[in-house]
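Working notes for the structure below.
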Amino acid sequence: FTTARQNFMNAVETGAPMEEQNKLYNEMIEALTDKLQDDAREAARKEIATMNPYDAQLTAEAREFFNNIEKLPPKGIEKLFPQETIDRIF
Numbered sequence: 041f042t043t044a045r046q047n048f049m050n051a052v053e054t055g056a057p058m059e060e061q062n063k064l065y066n067e068m069i070e071a072l073t074d075k076l077q078d079d080a081r082e083a084a085r086k087e088i089a090t091m092n093p094y095d096a097q098l099t100a101e102a103r104e105f106f107n108n109i110e111k112l113p114p115k116g117i118e119k120l121f122p123q124e125t126i127d128r129i130f
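Right, here's the structure in full:
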């Protein structure tokens, strides 16, 4: 990006034709976009790398609490919890 920006600035300062300035400006913007996308990807990768899937596990106390819950829905209600929730908790 820095090189593309400098090329554009040099073209503006030297009074290069508008077509050349436009081309260099587009190259500068594309380089900036690529750099920002790369930075965002790297930040996301670092964030994902620090995540630990075991941090979301239930404690023994929470597991006991959920295991003691009446798992059948009240009469007249077909479902108490979605199956995904039940699978994750129990």
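Going letter by letter, the sequence shown gives residues 41 to 130 in this note's numbering.
Just so it is clear, CB atoms sit at the ideal spot from N, CA and C, and this is done for glycine as well.
A quick note: this is a predicted structure, and the numbers were derived from the prediction, not measured.
task = With DSSP as the reference, label residue 99 as helix, strand or coil.
result = Residue numbering aside, residue 99 sits at position 59 when the sequence shown is read from its first letter. Coil.
query = Can you tell me whether DSSP reads residue 108 as helix, strand or coil?
reply = For the purposes of this step, residue 108 is taken as residue 68 along the sequence shown, with counting starting at 1. DSSP places residue 108 in coil when its eight states are reduced to three.
ask   = Along the chain, where does the alpha helix (DSSP H) that runs through residue 48 open and close?
value = Translated into the one-based positions of the sequence shown, residue 48 becomes position 8. DSSP places residue 48 in the uninterrupted alpha helix (DSSP H) bounded by 42 to 53.
ask   = If residue 71 and residue 51 are in contact, beta carbons under 8 Å, what's the gap, nearest whole angstrom?
value = Against the sequence shown, residue 71 aligns to sequence position 31. Against the sequence shown, residue 51 aligns to sequence position 11. The Cβ separation is near 15 Å, so there is no contact.
query = How many Å lie between residue 109 and residue 123 at the Cα?
reply = Position 69 of the sequence shown, counted from the first residue, corresponds to residue 109. Position 83 of the sequence shown, counted from the first residue, corresponds to residue 123. Residue 109 and residue 123 have their C-alpha atoms some 15 Å from each other.
ask   = Can you tell me the Cα-Cα spacing of residue 68 and residue 89, whole angstroms?
value = On the sequence shown, position 28 is the one that residue 68 refers to. On the sequence shown, position 49 is the one that residue 89 refers to. Residue 68 and residue 89: Cα-Cα distance of roughly 31 Å.
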